[in-house]
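Asks: Structure in structure tokens, see below.
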Amino acid sequence: MKYIFIAVIILAIIIVGVTIGANNDQLITFNYLIAKSELRLSSLVAILFGFGLILGWFITAFFYLKVKLQNIALNRKLKRQAKQISELTLPKVE
Numbered sequence: 001m002k003y004i005f006i007a008v009i010i011l012a013i014i015i016v017g018v019t020i021g022a023n024n025d026q027l028i029t030f031n032y033l034i035a036k037s038e039l040r041l042s043s044l045v046a047i048l049f050g051f052g053l054i055l056g057w058f059i060t061a062f063f064y065l066k067v068k069l070q071n072i073a074l075n076r077k078l079k080r081q082a083k084q085i086s087e088l089t090l091p092k093v094e
């Protein structure tokens, strides 16, 4: 299932790239903070799409790792509390 999902995502990215590149061949001037460049519209859209995709993956990975670490901490706390409860409820052998 995981590999099918990855294949669909890659296929979607390829289709978007081909669609963007096929129809947008105008030259535009792109001004950014340091300099300016002459780029084809399809290249600029593809670069910005790729940047947005990578940024989205980084943000998702950050929150995924945050939740994963929180889950590890809560499991550790749960084990500690279960051990304390078992120590309190076991009959003492004298």
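Note that the UniProt record's numbering numbers the sequence shown so that position 14 is 14, with each residue one more than the last.
Ideal Cβ positions, reconstructed from N, Cα and C, are used throughout, including at glycine.
None of these values were measured; they are calculated from a predicted model.
When you compare the CB positions of residue 24 and residue 37, do they come within less than 9 Å of one another, or not?
Replies: No. Outside cutoff.
Asks: For a test of the three-state rule: what should DSSP assign to residue 48, helix, strand or coil?
Replies: DSSP places residue 48 in helix when its eight states are reduced to three.
Asks: Could you tell me the boundaries of the beta strand (DSSP E) in which residue 27 lies?
Replies: Its beta strand (DSSP E) spans residues 27-31.
Asks: Taking Cβ to Cβ, would you say residue 44 is nearer than 9 Å to residue 54?
Replies: Cβ atoms of residue 44 and residue 54: not closer than 9 Å.
Asks: In angstroms with no decimal places, state the Cα-to-Cα distance between residue 71 and residue 64.
Replies: So the two alpha carbons sit approximately 10 Å from each other.
Asks: Please report how far the alpha carbon of residue 26 lies from the alpha carbon of residue 40, in whole angstroms.
Replies: For residue 26 and residue 40, the distance between alpha carbons rounds to 5 Å.
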